[in-house]
Every structure is written in structure tokens, then in C-alpha cells.
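Working notes, structure below.
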């Protein structure tokens, strides 16, 4: 478990570093940075699948295309949903919208609680409902003060849960399904890279970009592999708790890059952070309860 915790925290640190890393790649646009990331990350993840023996998941998904024609539509839609998320992750810090995206990551687990209740008939606990209430207060403040939630926040807070629901429905919610999504994104990523005028002009102006692009693929692939390995070593509750480390680090990176939280926005952030804190308490309770159950079952 200690190795799993270390891998999870390390992956969050790498993803946060990747958030900052994008700002180092000027004058490349967010779309071009996203394109290079996909072109380099997808082969690395494919090699990991071969090494770990998980390539069978890819073959199984492709074999289902014959018996499930719906996958011909569902898989491209799944790739489009996650592609938007991977793009905005690279685009936001370059364009000064990192805080809005990080707020979306904080709101995402709260959206999952609501979806679980109404789509899968799950029964949220009192703490989870209290978390949803605080999140609603935060959203209400944003609607009142700013006239609406930023589109970047909505893309993450709503888009990612829709992606998770679709993958679960398609039966592609595994590493093989993620690699297929990335494979389908590659043509769009390549177009982003070559569609700009003089695609290599920026590299001639800043030769260090060649090394930065190579590092982008390596950091992205390493972060994803660490995340996957951590998920296999940790219980679901503990793994879920540790995922909150990443958005906290994303806020820190956004502030380092010069973004600021406006005074009228603080109530929104405080309410959302309180909501996340309640979910953390709920997760700790579940984890302790599970440990007590395992201890008693061994006696």
C-alpha cells in the first residue's frame, strides 16, 4: 500500500508539473502542445500495455466491433469526450485559465455523486449530500457574482462524468479502452501539429523546443503509468481520496503562473473546498470501516 500511495502522489505531482510544463513551450499554442502530447504519449502507453500483458484488453475491444456495431459510434464519441479534456488541460495554463479548470476538477467528484444517485440509483450518505449542498452554494455564488460558471469549469465538471458514464456503458472502462481513445485522437492531434503555418518555424527559433516536446511525452506517459499502477495497488476508497491531491496542486501551479482568485470568487472556492473536505471525511470513514472489517474477518 505504501508503494501505491507513493505512486499516486507522484503521478499527481507529475500531472501538476505537466500543467506548468505547458507554459514553458511558448510560442507553441495549446492546440499544438496537446497534439505533440498525444503523438508521443500514445505509443508509450502502447508499449506499457505490451509489457504489462494488458494488450489483451485492446484486442478484446476490437474483436467486439463485429458483434456490437454500436461501438463504431460509441468509441469515437468516447475519444472525442476525453480528447476535449486532454486538450483543455494543455490549453488552460497557457491561456491563463488554469484556476477555472482546476475548479472543474474539484467539482467533478461532486457531479459523480449526483449522477450515481439519479442514474445508478446509488444511495449517497449524509456527508455526501452535505457536500453536494456546499457545492450548490459555491455554484450559486458563481452564478450571482459572475453571471455564470465559466465554460472551462463546465467542460471538466460535466464532460469527465459523461465520459465515465459512456465508458461504463460501452464496457471500455479499462486501460485498453483508454488506449483506443488515444489512438482515435491521434489523427486530430497530428492535424493540430501540421495545420499551423510553418509547423517547424518555432523549433528553428527555439531549438530547445525539440527537447521540451520529447520531455512532454515522457512526463505525460510516466504520469499516466504511475496513476495506473497506483490504482492497482490501492483500495478504491484510498485511491479516490488521493485523487484530490492533483486539483490542489493545479491551483498552486495556476497561482505560480500569475493567476489570482478574485475577492468575489473566494466564497465559491471555499464552498467547493468544504464540499471536497466532506467527501474526504466520508472516504476516510469508509476506509477505516473496511480495515476493521478485514481485521475482524481474520480473527
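Residue numbers (the numbering used here): 15 to 313.
Think of the CB as a built atom: it goes at the ideal place given N, C-alpha and C, for glycine as much as any other residue.
Predicted model, so just to flag it, every value in this text is computed and none were measured.
Going by alpha carbons, who is nearest to residue i out of the options?
i: residue 28; options: 231, 296, 301; result: 231
i: residue 61; options: 262, 193, 98, 295; result: 193
i: residue 185; options: 286, 89, 267, 213; result: 89
i: residue 36; options: 134, 228, 81; result: 228
i: residue 133; options: 125, 16, 85; result: 125
i: residue 76; options: 191, 226, 292; result: 191
i: residue 289; options: 57, 149, 64, 136; result: 149
i: residue 116; options: 108, 109, 103; result: 103
i: residue 273; options: 221, 210, 157, 108; result: 108
i: residue 205; options: 23, 18, 51; result: 51
i: residue 199; options: 18, 57, 17, 70; result: 57
i: residue 176; options: 163, 212, 220, 122; result: 122
i: residue 294; options: 201, 142, 81; result: 142
i: residue 164; options: 118, 140, 226, 201; result: 118
i: residue 296; options: 213, 140, 214; result: 140
Who are the Cβ neighbours of residue i in its own chain at under 6 Å, not counting the five residues just before and after it?
i: residue 281; result: 155
i: residue 267; result: 30, 33, 34
i: residue 138; result: 127, 131
i: residue 285; result: 148, 151, 152
i: residue 105; result: 44
i: residue 256; result: 22
i: residue 120; result: 261, 286, 290
i: residue 298; result: none
i: residue 171; result: 118, 121, 122, 125
Identify, in the order they occur along the chain, each residue of the same chain with its Cβ nearer than 8 Å to the Cβ of residue i, setting aside the five sequence neighbours on each side.
i: residue 180; result: 88, 91, 92, 95
i: residue 223; result: 39, 42, 216, 217
i: residue 183; result: 88
i: residue 240; result: 21, 22, 24, 25, 28
i: residue 63; result: 69, 71, 72, 189, 190, 193
i: residue 162; result: 156
i: residue 315; result: Any property of residue 315 remains undetermined from this structure, which presents the chain solely from 15 to 313.
i: residue 235; result: 54, 55, 58, 59, 62
i: residue 271; result: 34, 37, 107, 110, 112
i: residue 214; result: none
i: residue 17; result: 247
Near residue i, what residues of its chain come up, given a Cβ to Cβ distance below 7 Å and the 5 sequence neighbours on each side ignored?
i: residue 111; result: 166
i: residue 173; result: 95, 98, 99
i: residue 263; result: 26, 27, 30
i: residue 275; result: 113, 283
i: residue 46; result: 206, 207, 210
i: residue 259; result: 23, 26
i: residue 226; result: 38, 39
i: residue 85; result: 78, 79, 184
i: residue 202; result: 97
i: residue 265; result: 113, 116
i: residue 233; result: 28, 31, 32, 35
Can you round the beta-carbon distance between residue i and residue j to whole angstroms, since I take them to be within the 8 Å contact cut?
i: residue 146; j: residue 128; result: 6 Å
i: residue 54; j: residue 243; result: Going by Cβ atoms, the distance from residue 54 to residue 243 rounds to 20 Å, so no, they are not a contact pair.
i: residue 292; j: residue 144; result: 5 Å
i: residue 248; j: residue 23; result: Actually they do not touch by this definition, with Cβ atoms about 11 Å apart.
i: residue 178; j: residue 101; result: About 18 Å; that fails the 8 Å criterion.
i: residue 135; j: residue 278; result: Residue 135 to residue 278, Cβ: 38 Å. No contact.
i: residue 72; j: residue 196; result: Not a contact, Cβ separation roughly 11 Å.
Problem set entry | alpha helix (DSSP H) runs contained entirely in the stretch 221-299, provided each spans 4 or more residues | 222-247, 250-256, 259-270
For this session: Return the chain-ordered ranges of every alpha helix (DSSP H) run that is complete within the stretch 134-194 and spans a minimum of 4 residues.
Result: 140-160, 165-184
Exercise. Hey, which unbroken runs of the beta strand (DSSP E) at 3 residues or more fall wholly within the stretch 106-131?
Worked result: Given a length threshold of 3 residues, the stretch 106-131 has no whole run of the beta strand (DSSP E) inside it.
Exercise. In chain order, which continuous runs of the beta strand (DSSP E) of length 3 or greater are located wholly inside the stretch 53-93?
Worked result: With a minimum length of 3 residues, no continuous beta strand (DSSP E) run stays inside the stretch 53-93.
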